[in-house]
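Engineer: Once you know that position 78 of the sequence shown is 78 in my numbering, the rest is easy, because the numbers rise by one and skip nothing.
Glycine included, each C-beta is placed from N, C-alpha and C at the ideal position.
No experiment lies behind these values; they were computed from the predicted model shown.
Dumping the structure here so I can ask a few things about it.
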Amino acid sequence: MVPVEQTEDYRTFRPRWGQVAAWVVAVIAVGGSVLVAFVSRGPIGSNPGSRLSFALFAVVAAWLLWRLGGVHAVPSPQGLRVRNVIYTRRLDWAQIVAVRFSVHDPWVRLDLSDGATLAVMGIQRADGERGMAEARRLAELVARHGQASERP
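See below:
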């Protein structure tokens, strides 16, 4: 028997185009910065401060793009773990009131029982029909596991 966490419904939500874009930009930005910092022999390359600033930019860009390319949401029978660019948040299914993905939203939004809204960047509009299907799958999981009553 297959564990619940490995079934099709519980697979991780990951954007396709968001990951591709992050990795392409990372290669260009980080590669270009490293190239300029360590290969350039002109006025920029001869100044140690400039070299250091290009290297620092490469490190910060790599970290930011790694986070951007790593957004996802992991469902389990207990709830949903959402990793966005800056933070990760764990939710019980009962905390989720509604799953929203309007035509103008770049990614799914969750309405929570405390009145807050949480973006789920792991399901993105840029993925077209696949993104819509993933939003429906998340809504089905919320419905299956029970959702919070409407907020006041």
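(1) Take the Cβ of residue 78 as the centre, count every other Cβ of all protein chains shown within 10 Å, and call the residue buried at 16 or more, exposed below.
(2) Kindly indicate which residue of 83, 30, 127 has the alpha-carbon position closest to the one of residue 118.
(3) Does the count of Cβ pairs from the region 53-60 and the region 25-38 closer than 8 Å reach three?
(4) Which residue marks the beginning of the beta strand (DSSP E) containing residue 124, and which one marks its end?
(5) Give the single residue among 74, 103, 114, 85 whose Cα lies nearest to the Cα of residue 137.
(6) What is the DSSP secondary structure of residue 145, reduced to helix, strand or coil?
(7) Between the Cα of residue 122 and the Cα atoms of 116, 8, 14, which residue gives the shortest distance?
(8) What distance in whole Å lies between the Cβ atoms of residue 29 and residue 61, which are believed to be in contact at a cut-off of 8 Å?
(9) Drop a sphere of 10 angstroms on the beta-carbon of residue 96, count the other beta-carbons inside from all chains shown, and report buried for 16 or more, exposed for fewer.
(10) So the alpha helix (DSSP H) residue 62 belongs to, where does it begin and stop?
(11) Tell me where the alpha helix (DSSP H) around residue 28 begins and ends.
(12) Spell out the partners DSSP gives residue 107 in its beta bridges.
(13) For residue 25 and residue 65, which I take to be in contact (beta-carbon distance under 8 Å), what is that distance rounded to the nearest angstrom?
Structural biologist: Result, derived from the coordinates:
(1) exposed
(2) The shortest C-alpha separation from residue 118 is found at 83.
(3) yes
(4) 117-124
(5) 74
(6) Three-state result, residue 145: helix.
(7) 14
(8) 5 Å
(9) buried
(10) 48-69
(11) 17-39
(12) 124
(13) With 8 Å as the limit, residue 25 and residue 65 qualify as a contact, their Cβ atoms being about 6 Å apart.
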